[in-house]
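Protein chains: 4
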Amino acid sequence: MSHNSFGHLFRVTTWGESHGAAIGCVVDGCPPRIALTEADIQPYLDLRRPGASRFVTQRQEPDQVRILSGTFEGLTTGTPISLLIENQDQRSKDYGEIKDRFRPGHADLTYELKYGIRDYRGGGRSSARETAMRVAAGAVARKVLDGVTIRGALVQMGDDRIDRAAWDWAATAENEFWCPDRAAAARWEQRLLEARKSGSSLGAVIEVVAEGVPPGLGAPIYGKLDADIAAALMGINAVKGVEIGEGFAAAALTGEANADEMRMGPDGRVIFGDNHAGGVLGGISTGQPIVARFAVKPTSSILTPRRSVDRFGQEVEVLTRGRHDPCVGIRAVPVGEAMLALVLADHLLRHRAQNPDAPSEARLPRN
Amino acid sequence: MSHNSFGHLFRVTTWGESHGAAIGCVVDGCPPRIALTEADIQPYLDLRRPGASRFVTQRQEPDQVRILSGTFEGLTTGTPISLLIENQDQRSKDYGEIKDRFRPGHADLTYELKYGIRDYRGGGRSSARETAMRVAAGAVARKVLDGVTIRGALVQMGDDRIDRAAWDWAATAENEFWCPDRAAAARWEQRLLEARKSGSSLGAVIEVVAEGVPPGLGAPIYGKLDADIAAALMGINAVKGVEIGEGFAAAALTGEANADEMRMGPDGRVIFGDNHAGGVLGGISTGQPIVARFAVKPTSSILTPRRSVDRFGQEVEVLTRGRHDPCVGIRAVPVGEAMLALVLADHLLRHRAQNPDAPSEARLPRN
Amino acid sequence: MSHNSFGHLFRVTTWGESHGAAIGCVVDGCPPRIALTEADIQPYLDLRRPGASRFVTQRQEPDQVRILSGTFEGLTTGTPISLLIENQDQRSKDYGEIKDRFRPGHADLTYELKYGIRDYRGGGRSSARETAMRVAAGAVARKVLDGVTIRGALVQMGDDRIDRAAWDWAATAENEFWCPDRAAAARWEQRLLEARKSGSSLGAVIEVVAEGVPPGLGAPIYGKLDADIAAALMGINAVKGVEIGEGFAAAALTGEANADEMRMGPDGRVIFGDNHAGGVLGGISTGQPIVARFAVKPTSSILTPRRSVDRFGQEVEVLTRGRHDPCVGIRAVPVGEAMLALVLADHLLRHRAQNPDAPSEARLPRN
Amino acid sequence: MSHNSFGHLFRVTTWGESHGAAIGCVVDGCPPRIALTEADIQPYLDLRRPGASRFVTQRQEPDQVRILSGTFEGLTTGTPISLLIENQDQRSKDYGEIKDRFRPGHADLTYELKYGIRDYRGGGRSSARETAMRVAAGAVARKVLDGVTIRGALVQMGDDRIDRAAWDWAATAENEFWCPDRAAAARWEQRLLEARKSGSSLGAVIEVVAEGVPPGLGAPIYGKLDADIAAALMGINAVKGVEIGEGFAAAALTGEANADEMRMGPDGRVIFGDNHAGGVLGGISTGQPIVARFAVKPTSSILTPRRSVDRFGQEVEVLTRGRHDPCVGIRAVPVGEAMLALVLADHLLRHRAQNPDAPSEARLPRN
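Protein chains in written order, with this note's numbering: chain A, -3 to 363; chain B, -3 to 363; chain C, -3 to 363; chain D, -3 to 363.
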């Protein structure tokens, strides 16, 4: 049991603080003989990188990842893969004023109460900076998930949702918000500029989708695929809610509207009439796309002064200067994709261990 | 790694199928010298029991629990506690017609694709019957959580939400729905009778609350309290969404509205202005009430015929007779409470292992 | 992490005390569609059973095992297998005199210091009775290990070792000691009668051998096959030493004498000149027989009075009446076999998860 | 489950190959507010360091450790501690001739069969170089084990054992073998020079002792302290046997000779007449010194040519040049100490989680 590891068979352990010398992770359990170099990982880090657009923190971090172990001549060897990124642009002096003060909505108070000590610089271990290593590890997981496509999109900013009829995956690469609805992206740009100007911040909802997932991933009771996805996404900084498929809206449907009917495709494949289930039934993947959503609260680091307390039990006012994301949900998109990749890679190995002969497609009759 | 175990230090392993000889669980890691007899567990089972009201399955199960190990002269000994309930009212013949057919919205297909075999009687391992053992184990967890009160309520049935202003915990014991709003309970009774009459079913949203939780439970990154709660609740049968505190609604708030301000109480306690966070910041408990909600889809076992497929790859029509809950969310209330208790008991032990001197209340300055 | 579970993917959790209502275990992770009934398990329990010969405890336990879950129509389903044995012949009054006294060489004192409570009747949880469930679970593991033969033999009783040149596996079934050397068996019978008559007891060394194990089981660093075998065997009651292959004698060999030379067999198989390694190199199986030995201390429950202390801090004399094994090593033979089976089944699944294409035989060139 | 992690609550994950860019580890679960800098770790690494004496490999590695995370202003913060050592003196060309050949007694063949790929340079992941990180992590564990002293000694080289009557801990610092018997050390120097001259190598037996360990560490069945020590020591490179206390010699004792009698000391402490048990009864520490021994086989890397096979299935002759330890057991002493420290730190936290009120000394009556 480790508080800083994720996964069981495909297992990632991250380490590092926002303003330490470096951040890194160890990926253990990766199968051998998979082609892997830094070039497989770097593009995903570049997408998450701070300083990359007007709408994210202006901290400048090149986030160049190095593979320190676990590969040989460009192939994985089955031994642990150590990844490392050096921290470069730590402006720790920005944080002097929160040394003894607890920012509302942050982990400052809870770290103090739990550990009696904290590296307050940039949030230390609780900083979203740690998610860079999730993205890096997620890139390795994608290599394990041959044939699986994992994508994410921002589907709500503040209270403004996209029009799902306008969904175009191509649009997500055209704007700075991973927004699949071009009209919504234009509205959001305006909103975000206003929020930043007023020293405020906005929340968001992200949807992540995995296509090409074989059936059978997951397990009946406490190794459920959806339960592990829920933990993975809820564990991202600032996330307060997670849904699979129809999610909370399922509560308002009738049983006959919600249960996805099945029929047979021409090639023996099971075809579902709809995907209210989000690709998971009884905790096990159906072969349909896995669909999950998560809600990210508005950044708590804002320029508006807030009432709070300090280490000595005094009431104080806190205002967070630093360089922050006005909508931290934006950079959570690649992180959500990465967490989904980590869950799926882990479950692929778990499934294979117990069921080596299980089919990779939802065909009937099963062999 | 076990697919049928929950928790790390306070660890529960359940076993059993809906129509097998018995169901049971092993609770490992319980501290010694805690008073524990069957009488501590049975009341919680009685609340979840099938056949107890008009609105739940009419299967008759006394659900009498036996403690087979781990206690001596009425006290826990620190060794594994084995709990067992014999199955009594298995009408397996009800299930002959789903032997080869996959019910929409059920785990029938995914079990077949994963394992190539399934105990189809009553859903086998995927039956909600397994949750009886979670409730039993949860009762043990409550004994470990001295000073903590865990309660649950149904806050939405179908698309009908309660009026939060009318919330009265006492009301939850007065109706058959754990509904804290008496007016809503009256409406729901009507709706549920109609749904059952028409061979349909309804979804629900449940809220669970833990009061008296010490600060410091949880851990920064992958041992987050909220992530573990999310997995625990999403792992309950038929659940499709989980929220902590403000949940999805947080996405629509501004940073200044969402971040809970703090001030000092007269006795050195930290007081929060609100509890948008749901008692968790940075994955660690704040000392405020833990508040979580989860959405349960409408029962997929309905009397309305549905299109589906069978084991041989033929298209068929399925209609689920059996004895089912028209709103399975009702019986999920004690299960949600139990899962929250299990997460908290586990985290209490985990916290204590690393931080034996941490304070049990949110007071400042910390010692 | 559970203190009462063994294995990771093929995972066994045992429960129960010597004089409780029953003992049992849950086997989780067993692959589906393996033929399994009580008849596959019972023969191994019969070999370990108390009361079966003059030289073991005279407690009469039929040890009839029941499968309560995890199989359907004679096949495993991939869900947890619950096994249960009822205790029958508990003569708890035998133990009244050790209620407050700590028997030398037993866990009485350490349980008291750790837990502050103990079920003293028959040793409670620390009784060798628990090993019945290891044997039962081991029988399930053997079913997973298709093509692997696991056998054990007593190779030393007291200071009397067998003549390895006289080794005949068939002999182990002919005497009451699992002794592969008929001449030694005759001597041991005499010694054991004398030991019992004088109220004393004898230690033993057991060798367990697994043939047909595929290469590749184990992992480089902390998932080493030999390390897990060491833990499995050292974890058997009363064991004080474990060896793999040449074991402690390897320390006295030169490098050239100890390192097993290799050559090619006619069919592309690697043939080893010798098996000093005991079938494991670098923590990974070579495809040769796995050979391990473990030393069992003489039974501490003896009729000779010994100096000790009691719960109140008083010095006392202790003499253990009860019904005990004069050489507990004898009944440890089937337990050692079972533990080896559990380790191998677990590692087979672990290996398969990461290396699904690895060959099942040591042939070169590897595909 | 990770193949490269050790421990549960005090958990170490190592990574790195002999000739990669660096080696490192992550220590997770360390309690907060413990003073820790590189200066606490470096001395232990210096003792294990290659090139430090005539009798170990002449590879020159300064082994300067860096702490990259998990501390703040000289104190641990409760977050993961990342340790890193850069590799400097990799003479990889030495290994060209074993690129395709399998050295007898090494992991070369088993890696090939398991993974189908290996970093052959210097043994890659299976090199003893990895043990530097165990020593580093062990130094952190020692800081957690306040009041516990852990020491090791070489008690046998080849077939030459020390005279236990001559044991003097001070002597271990005076010779290059950690030999507590000065006369034996003189003999061993001669033997080792001869072994090296003849291109041969010698095995060894190491004893590690922990004093000041509180009672209660460990757990009844599969979380036994001695089982975990056995796994920890057997998992060190080249180890073939492990003993606790009397070890294999216990098999030849009678029950009355082996079971350690107890009496009361003047201050309420339990005093044992002897320590045949090696400080562990029923898998739980007694409060006496923990005593364990392990046998290290003679280095398999020798200058004497040996018959073997290559990747292509051809028979070849292998002779290992490189720079090797003529008796790899020597450098295993600090590694054995470190592994014992890791086991004890982990069990201390595990014990505390379940039994926060357990006494730290073996006094009766227990509170």
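All residues carry an ideal CB built from backbone N, CA and C; glycine is no exception.
- Is A/Ala133 close to chain D, meaning its C-beta is less than 8 angstroms from at least one C-beta of that chain? For A/Ala133, the answer is no, since every Cβ of chain D falls outside 8 angstroms of its Cβ.
- Message: Taking only three categories from DSSP, how would you classify D/Ser122?
- Response: Correct three-state label for D/Ser122: helix.
- Just tell me which of C/Thr9, C/Thr10, C/Ala334 has its CA closest to the CA of C/Gly146. The residue asked about is misnamed: residue 146 of chain C is Ile in this sequence, not Gly. Here the closest residue by C-alpha is C/Ala334.
- For C/Ile247, count neighbouring Cβ atoms within 10 angstroms of its own Cβ and tell me buried if that reaches 16, exposed if not. Checking the displayed sequence, the identity of residue 247 of chain C turns out to be Ala instead of Ile. Burial call: buried.
- Just confirm the distance between the C-beta atoms of D/Val331 and D/Val131, as a whole number of angstroms; I'd bet it's less than 8 angstroms. Contact flag correct, Cβ pair sits at about 6 angstroms.
- Can you check whether the CB of D/Ala337 is closer than 8 angstroms to the CB of D/Ala137? Against a cut-off of 8 angstroms, the Cβ pair of D/Ala337 and D/Ala137 comes out as a contact.
- Could you check which residue in C/Arg62, C/Thr10, C/Gln84, C/Lys110 has the C-alpha nearest to that of D/Ile280? The residue with the shortest Cα to Cα distance from D/Ile280 is C/Lys110.
- In chain C, which residues lie less than 9 angstroms from A/Gly74 when you measure between Cβ atoms? Per Cβ cutoff of 9 angstroms: Ala215, Pro216, Gln350, Asn351.
- Nearest chain A C-beta to B/Arg121 closer than 8 angstroms, yes or no? Under the Cβ distance rule, B/Arg121 counts among the residues neighbouring chain A, one pair being separated by less than 8 angstroms.
- Show which residues of chain C have a CB atom less than 7 angstroms away from the CB atom of A/Leu188. Contact annotation for A/Leu188 against chain C: no contact, minimum CB-CB distance about 44 angstroms [criterion: below 7 angstroms].
- Using 10 angstroms around the beta-carbon of B/Arg192, count the other beta-carbons present and answer buried if the total reaches 16, otherwise exposed. With 16 or more other Cβ atoms within 10 Å, it is buried.
- Query: What three-state label does DSSP hand B/Val204 in the structure shown?
  - Reply: In the three-state scheme derived from DSSP, where H, G and I count as helix and E and B as strand, B/Val204 is classed as strand.
- Bridge partner(s) assigned by DSSP for D/Phe290: Per DSSP, D/Ile202, D/Val238.
- Item | Assumed close pair D/Val205, D/Pro285 - CB separation to whole angstroms, cut-off 8 angstroms | The pair is a contact, with the Cβ atoms about 5 angstroms apart (cut-off 8 angstroms).
- Item | B/Ala133 and C/Leu64 closer than 8 angstroms at C-beta | Not in contact: B/Ala133 and C/Leu64 (Cβ atoms no closer than 8 angstroms).
- Grouping DSSP H, G and I as helix and E and B as strand, with all else coil, what is A/Glu82? Assignment of A/Glu82 by DSSP, reduced to helix, strand and coil, places it in the strand class.
- Message: Using DSSP's beta-bridge definition, name the partner residues of C/Cys323.
- Response: According to the DSSP secondary-structure assignment, C/Cys323 is paired through a beta bridge with no residue.
- Per DSSP, what kind of secondary structure is C/Gly251 in: helix, strand or coil? C/Gly251 falls in the helix class under three-state DSSP.
- Task: Starting from the beta carbon of A/Tyr78, find every residue of chain D whose beta carbon is closer than 7 angstroms, and list them in chain order.
- Result: Per the sequence shown, residue 78 of chain A should be read as Ser rather than Tyr. Chain D residues near A/Ser78: Trp11, Gly12, Gly20.
- How should C/Ala161 be labelled, buried or exposed, when 16 other C-beta atoms within 10 angstroms of its C-beta is the threshold for buried? Counting other Cβ atoms within 10 Å of its Cβ, C/Ala161 stays below 16 and is therefore classed as exposed.
- Supposed contact pair B/Thr106 and A/Ile217 - C-beta distance, whole angstroms, cut 8 angstroms: Contact doesn't hold; Cβ gap of about 13 angstroms is too wide.
- Give, in chain order, every unbroken run of the alpha helix (DSSP H) that is at least 4 residues long and sits entirely within the region 129 to 214 of chain C. If only complete runs of 4 or more residues are kept, the region 129 to 214 of chain C shows the alpha helix (DSSP H) at 178 to 193, in order along the chain.
- Message: Against chain B, with Cβ distances strictly below 8 angstroms, would A/Lys193 count as a contact?
- Response: At a cut-off of 8 angstroms between beta-carbon atoms, A/Lys193 makes no contact with chain B.
- Of all the CB atoms in chain B, is at least one closer than 8 angstroms to the CB of D/Arg346? Closer than 8 angstroms: yes.
- Message: So for C/Val276, helix, strand or coil by DSSP?
- Response: Strand, per DSSP.
- Query: Can you tell me where the beta strand (DSSP E) with C/Asp24 in it begins and where it stops?
  - Reply: Counting along the chain, the beta strand (DSSP E) containing C/Asp24 begins and ends at 18 to 24.
- Query: By Cβ distance, which residues of its chain are closer than 6 angstroms to B/Glu13, with the 5 residues on each side in sequence left out?
  - Reply: Around B/Glu13: Asp115, Gly120, Arg121.
- By Cβ distance below 7 angstroms, which residues in the same chain neighbour D/Asn351 in space, the five residues on each side in sequence not counted? Gly212.
- Message: Within 8 angstroms of any Cβ in chain B, is that where the Cβ of A/Val305 sits?
- Response: By this cut-off, A/Val305 is an interface position.
- Item | Proximity of D/Arg327 and D/Glu313 at Cβ, strictly below 8 angstroms | Taking 8 angstroms as the Cβ cut-off, D/Arg327 and D/Glu313 do not qualify as a contacting pair.
- Message: So D/Val292 contacts chain C; which residues on that side make the cut at Cβ distance below 7 angstroms?
- Response: Per Cβ cutoff of 7 angstroms: Ala247.
- Note the first and the last residue of the continuous alpha helix (DSSP H) segment covering C/Glu69. Annotation for C/Glu69: no alpha helix (DSSP H) segment contains it, and DSSP assigns it neither H nor E.
- Query: Is A/Arg7 close to chain D, meaning its C-beta is less than 8 angstroms from at least one C-beta of that chain?
  - Reply: Yes, A/Arg7 counts as interfacial toward chain D.
- Query: How close, in whole Å, do the beta carbons of B/Pro322 and B/Ser123 come, if the pair is a contact with beta carbons under 8 angstroms?
  - Reply: Rounded, the Cβ-Cβ distance is 17 angstroms, inconsistent with contact.
- Item | Opening and closing residue of the alpha helix (DSSP H) in which A/Arg348 lies | Per DSSP, the unbroken alpha helix (DSSP H) holding A/Arg348 starts and ends at 328 to 350.
- Considering only C-alpha positions, which residue in the set B/Leu41, B/Leu150, B/Glu242 is nearest to B/Ala291? Among B/Leu41, B/Leu150, B/Glu242, the Cα nearest to that of B/Ala291 is on B/Leu150.
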